[in-house]
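A short worksheet on the structure shown next.
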Amino acid sequence: MSVSLKSRQLLIPWRVYLVPMKLIKPHEEVCRDYVLKLYHEVVRDKMLVKPLLVEDRYYILLDGHHRYAVLKMLGARLAPVFLVDYDSPLIEVYSWRNDWNVTKEIVVNAGLSRSKKLPYKTSKHVVRDIVIPEVNIPLRRLMEDE
Numbered sequence: 366m367s368v369s370l371k372s373r374q375l376l377i378p379w380r381v382y383l384v385p386m387k388l389i390k391p392h393e394e395v396c397r398d399y400v401l402k403l404y405h406e407v408v409r410d411k412m413l414v415k416p417l418l419v420e421d422r423y424y425i426l427l428d429g430h431h432r433y434a435v436l437k438m439l440g441a442r443l444a445p446v447f448l449v450d451y452d453s454p455l456i457e458v459y460s461w462r463n464d465w466n467v468t469k470e471i472v473v474n475a476g477l478s479r480s481k482k483l484p485y486k487t488s489k490h491v492v493r494d495i496v497i498p499e500v501n502i503p504l505r506r507l508m509e510d511e
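Read left to right, the sequence shown gives residues 366 to 511 (this note's numbering).
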């Protein structure tokens, strides 16, 4: 018995894409010391291991702010991103801090704001039932024109 492709459902509708850096909108501040530490690791390895977690409507950066900052320092034109539907119940947001109650709406508003970013380590995003793959992409590939 043969099954047509039309009758199959993609279990993981999200994938890793190379996206222009200029489209990505951070929603949170970073720790400068950790950015510098990570910068040296990425330069030493000449690759980025993990993609950024980005929502697919506005390209708001959900996880990977330090990796994003490193890519900006290096002058990368592209970033590997795992695009997700932020409305999906598989995407959850919590706070690392006791003094914050973070919601998806707060994250989106901070990402769309040019000036009001959330403090460092405010949000923690969890993707349920999906393992985000490593990309191990060479830095030279991220420096190429879009």
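The beta-carbon is built from N, C-alpha and C at its ideal position, and this holds for glycine as well.
Residue i and residue j closer than 8 angstroms at C-beta
i: V414; j: E509; result: no
i: L403; j: V435; result: yes
i: R380; j: L448; result: yes
Rounded Cβ spacing between residue i and residue j (contact assumed at less than 8 angstroms)
i: V384; j: V467; result: Between V467 and V384 the Cβ distance is about 24 angstroms, and since that is not below 8 angstroms, they are no contact.
i: I389; j: L417; result: 7 angstroms
Proximity to residue i [Cα-Cα], best of the options
i: E393; options: Y433, E406 and L403; result: Y433
i: E470; options: G440, R442, I425 and N501; result: I425
i: P454; options: A444, L439, N463 and D494; result: D494
i: H431; options: R422, D398, K411 and W461; result: D398
i: K486; options: A475, S460, N501 and N474; result: S460
Status (buried if at least 16 other CB within 10 Å, exposed otherwise) for residue i
i: L401; result: exposed
i: H405; result: exposed
i: S488; result: buried
i: D450; result: exposed
i: D452; result: exposed
N-terminal and C-terminal residue of the alpha helix (DSSP H) that residue i is part of
i: V408; result: R397 to D410
i: Y433; result: H430 to L439
Interface flag, residue i vs chain B, CB-CB below 8 angstroms
i: D494; result: Of the protein chains in the structure, only one exists, and it is not chain B.
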